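Novice:
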Amino acid sequence: MNREVRVRFAPSPTGALHIGGVRTALYNYLFAKKMGGKFLLRIEDTDQNRFVPGAEDYIKESLEWLGIAPEESPWNPGDCGPYRQSERKSMYMQYALDLVDKGHAYYAFDTSEELEAMRERLTAARVVQPQYNSITRTQMKNSLTLSEDEVKSRLESGDPYVIRIKIPRNEDVRLNDMIRGWVMVNSSTLDDKVLMKSDGMPTYHLANIVDDHLMKITHVIRGEEWLPSAPLHVLLYRYFGWEDTMPQFAHLPLLLKPDGNGKLSKRDGDKLGFPVFPLDWTDPFSGEKSSGFREQGYLPDAFLNFLAFLGWNPGDERELFTLEELVEAFTVERIGKSGTKFDIAKAKWYNEQYLKIKPTSELAAFLIADAKKDGVNVPSDKIDSIVNLVKDRVTFPAELWKESRFIVVAPDSFDEEIASKKWNGDAVKVLGAYAVALDSYSGEFDAVSAKSLLESTAEAEGIKLGKVMQAVRLAVTGSGAGPDLMVVFAILGSTEVAKRIRFALSTLTVVA
RNA sequence: GGUCGAUUCGUCUAGGGGUUAGGACGUAUCCCUUUCACGGAUAAAACACGGGUUCGAUUCCCGUAUCGACUACCA
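Residue numbers are given in the numbering used here: position 85 of the first sequence equals residue 87, and the series is strictly consecutive.
(1) Would the region 282-293 and the region 314-321 be scored as touching if the rule is three or more Cβ pairs under 8 angstroms?
(2) Using the Cα positions of residue 432 and residue 319, report the straight-line distance between them to the nearest angstrom.
(3) Check whether the Cβ atoms of residue 74 and residue 42 lie closer than 7 angstroms to each other.
(4) Could you have a look at residue 40 and say whether DSSP puts it in helix, strand or coil?
(5) Buried or exposed: where does residue 214 fall if 16 or more other Cβ atoms within 10 Å of its Cβ makes it buried?
(6) Which first and last residues belong to the beta strand (DSSP E) in which residue 251 is found?
(7) Would you kindly work out how many angstroms separate the C-alpha atoms of residue 411 and residue 381, rounded to a whole number?
(8) Taking residue 371 as the reference, give the member of 134, 20, 503, 385 with the closest Cα.
(9) Quick check for students: name the residue ranges of the alpha helix (DSSP H) that lie wholly in the region 204-255, counting only runs of 4 or more.
(10) Hey, residue 146 and residue 139: beta-carbon distance below 7 angstroms or not?
(11) Measure the beta-carbon distance from residue 424 to residue 393 and round it to whole angstroms, keeping in mind my assumption that it falls under 8 angstroms.
(12) Among the candidates 250, 264, 176, whose CA atom is the shortest distance from the CA of residue 234?
(13) Can you list, in chain order, the residues of its chain with a C-beta nearer than 7 angstroms to that of residue 62? Leave out the 5 residues immediately preceding and following it.
(14) Within 10 Å of its beta-carbon, does residue 173 have 16 or more other beta-carbons around it, so buried, or fewer, so exposed?
(15) Could you give the first and the last residue of the continuous alpha helix (DSSP H) run that contains residue 494?
(16) For the region 38-53 against the region 200-218, are there 3 or more C-beta pairs whose distance is under 8 angstroms?
(17) Please report how far the alpha carbon of residue 512 lies from the alpha carbon of residue 473, in whole angstroms.
(18) Exposed or buried, which one is residue 186 when buried takes at least 16 other CB atoms within 10 Å?
(19) From the DSSP output, in three-state form, read off residue 1 for me.
(20) Are residue 8 and residue 343 closer than 7 angstroms when you measure CB to CB?
(21) If you drop the 5 nearest sequence neighbours on each side, which residues of the same chain put their C-beta closer than 6 angstroms to that of residue 399?
(22) Just how far apart, CA to CA, sit residue 253 and residue 265?
(23) What do you get for residue 168, buried or exposed, if any count of 16 or more other CB atoms within 10 angstroms of its CB means buried?
(24) Quick one: using the 10 Å Cβ neighbour count with 16 as the cut-off for buried, is residue 475 buried or exposed?
(25) Opposite residue 342 in the DSSP bridges: which residues?
(26) Comparing alpha-carbon positions, which option in 109, 488, 17 lies nearest residue 155?
(27) Checking 7 angstroms against the spacing of the C-beta atoms, do residue 373 and residue 403 come in under that value?
(28) May I have the straight-line CA-CA distance separating residue 337 from residue 249, to the nearest angstrom?
(29) Can you tell me which of the three DSSP states residue 398 falls into?
(30) At the level of alpha carbons, what is the spacing between residue 449 and residue 492?
(31) Smallest Cα separation from residue 508: which of 414, 82, 179?
(32) Which complete beta strand (DSSP E) runs does the region 304-354 hold, if anything under 3 residues is left out?
(33) So residue 352 packs on residue 304, CB below 8 angstroms; how close in whole Å?
(34) Looking only at C-alpha atoms, which of 326, 29, 81, 112 sits nearest to residue 141?
(35) Under 8 angstroms by Cβ, that's how I've got residue 180 and residue 94 pegged, so tell me the actual separation to the nearest angstrom.
(36) For residue 52, does the three-state DSSP call read helix, strand or coil?
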């Protein structure tokens, strides 16, 4: 049977999309493209209590920012809509009822108090795993224990009920995970999970299976947290009679905290000072703000590249991949099995790499925008040379302006520590002479000529240039470190350099 | 506790019965640079442990340990 590959990303709109979710989306996208199939998105909003306004838009915007937008989604529906489970509500009950008819599911009328009491009773009786299962269901209020008449009358009188799956007592359930191989679980460890909630909504498990089937999903690529319930899902496919089109499963390793142990959480990002979300997010209820990779200055292709390598590698030593190259190289087989600790240093490194290869014009846009925010206009004839001068020095685009501001805006103060150490008589002498030499200089003023003029000036004063070089830098830039000074001079032009030197000369005083 | 899963440098990982166990990030040192960064080079740094199987195990098997996920009318 040759079906078109269809994979889905199925997030819940319960807040900002976590970076682990983004990676899951990415792997789904890569797999779909690689296989010439389709990548779709389904919103799993069956829990009305956890719905967060704005979360869906956030998901959409995140994927679009990264260039991995789904081909079918709530906002761009295909033939398998709707793409929000809340809008598919009316579809689920018939499937649950089908299972009841087949004897694979049953009505349960237990109240939450009764369930709680049952668990307490079992715990008291030292039952290791208190759960609603083949043994305990015989003592609860459900259509297996109640008379047919009572069930009927309860149903008719509108008694709240759920529909639970009837897990067999002792049956081995096996599934062949694409990443982990055969996983076998005995049904005795599973419980009679709720399929339909009393509010008429399906639980994840039911909705997931029904929708994946209806949406013709061929491969389920999701986080490892779903592995324990995968056998339940296999059982559902079997009971529905859909085993022949059951998707293949691939359970992705989890993203872990960089320090210590555990799943990466929002808290970790705050604590360690890096984002765990793709975009900035403000919780609509608490007003709490979380920062995103995009706003921190991560480039989408760098972030994508970084993310792809969190748990996957191409098997050779290449590390820089465009989205297209990732698609080309991607295989599920090369996804790792073990949890991956999140390392922000690597993300920064990727960003630097991408910044280096970005066209000057794109980088210039960042520089111009940031300068503008600063109330400064960068002369257009100097932009390219400024960008080229500083782009190898920065991790984030915002640093472009920080690193080069001094070129456009003459310093009005000077690094005191450097001044106290380097501003001496020799420096003053050389600088004074250089300013004069600059006044009468008439050739092309580039880095080479700026340097040779400076060298000859120092020589004429009988002073070794190396001794005063940092003072020269200080005079013109206000600081003791920065990009190649002679290139800076060339960008500035001889007049401006002379002007700045004179300002420094009149401002700084020589300390013994 | 139970079920399932995982375990190679600090981190991401390659590898796989016989290797000087490879790369990258990070770290350190050196070179380049009359600064800082970039770049280049070098270095330190790993097969969780114990049993098997085998001529030989980091690699295969079994245990143990550790870590993780799950154990809701959440997904």
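Don't be surprised by glycine CBs; every beta carbon is placed ideally from N, CA and C.
Fair warning: this is a prediction, and the values are worked out from it, not measured in the lab.
Specialist: So, from the listed chains and residues:
(1) Contact between the region 282-293 and the region 314-321 is absent, because fewer than three Cβ pairs lie under 8 angstroms.
(2) Our two residues, residue 432 and residue 319, have alpha carbons roughly 51 angstroms apart in a direct line.
(3) Residue 74 places its beta carbon less than 7 angstroms from that of residue 42.
(4) Note: residue 40 maps to strand in three-state DSSP.
(5) Looking at its Cβ environment, which holds 16 or more other Cβ atoms inside 10 Å, residue 214 is buried.
(6) Counted as a single uninterrupted DSSP element, the beta strand (DSSP E) harbouring residue 251 occupies residues 250-254.
(7) Rounded to the nearest angstrom, the two C-alpha atoms are 11 angstroms apart.
(8) Ranking 134, 20, 503, 385 by CA distance to the CA of residue 371 puts 385 first.
(9) Taking only runs of at least 4 residues, the alpha helix (DSSP H) segments lying wholly in the region 204-255 are 206-216, 232-242.
(10) Against a cut-off of 7 angstroms, the Cβ pair of residue 139 and residue 146 comes out as a contact.
(11) Rounded to whole angstroms, the Cβ separation of residue 424 and residue 393 is 28 angstroms, and the two are not in contact under 8 angstroms.
(12) Ranked by how close their Cα comes to the Cα of residue 234, the residues 250, 264, 176 have 176 in first place.
(13) Take residue 62, set aside five residues on each side of it, and the residues of its chain with a beta-carbon closer than 7 angstroms to its own are 77, in chain order.
(14) Result: exposed.
(15) For residue 494, the enclosing alpha helix (DSSP H) has its first and last residue at 487-494.
(16) Touching, per the Cβ criterion.
(17) Rounded to the nearest angstrom, the two C-alpha atoms are 11 angstroms apart.
(18) Counting Cβ neighbours within 10 Å, residue 186 comes out exposed, since fewer than 16 surround it.
(19) Because the chain here runs from 3 to 514, residue 1 falls outside it and cannot be looked at.
(20) No; because the gap between Cβ atoms is not below 7 angstroms, this pair is not in contact.
(21) Closer than 6 angstroms at the Cβ level, and outside the excluded window around residue 399, lie 299, 368.
(22) Cα-Cα distance, rounded: 15 angstroms.
(23) Label assigned to residue 168: buried.
(24) Residue 475 is classed as buried because its beta carbon has at least 16 other beta carbons within 10 Å across all chains shown.
(25) Within the DSSP bridge table, the entry for residue 342 names 257 as partners.
(26) Out of 109, 488, 17, the CA that lies nearest to the CA of residue 155 is found in 109.
(27) Yes, the pair counts as a contact, with Cβ atoms nearer than the cut-off.
(28) Rounded to whole angstroms, residue 337 to residue 249 spans 18 angstroms at the Cα level.
(29) Under the three-state reduction of DSSP output, residue 398 falls in the coil class, being neither helix nor strand.
(30) Approximately 5 angstroms, taken between the alpha carbons.
(31) Ranking 414, 82, 179 by Cα distance to residue 508 puts 414 first.
(32) List check, beta strand (DSSP E) in window: nothing returned.
(33) Going by Cβ atoms, the distance from residue 352 to residue 304 rounds to 4 angstroms, so yes, they are a contact pair.
(34) Closest option to residue 141, judged by alpha-carbon separation, among 326, 29, 81, 112: 112.
(35) About 27 angstroms separates the two Cβ atoms, so there is no contact after all.
(36) Residue state for residue 52 is assigned as helix, using DSSP reduced to three classes.
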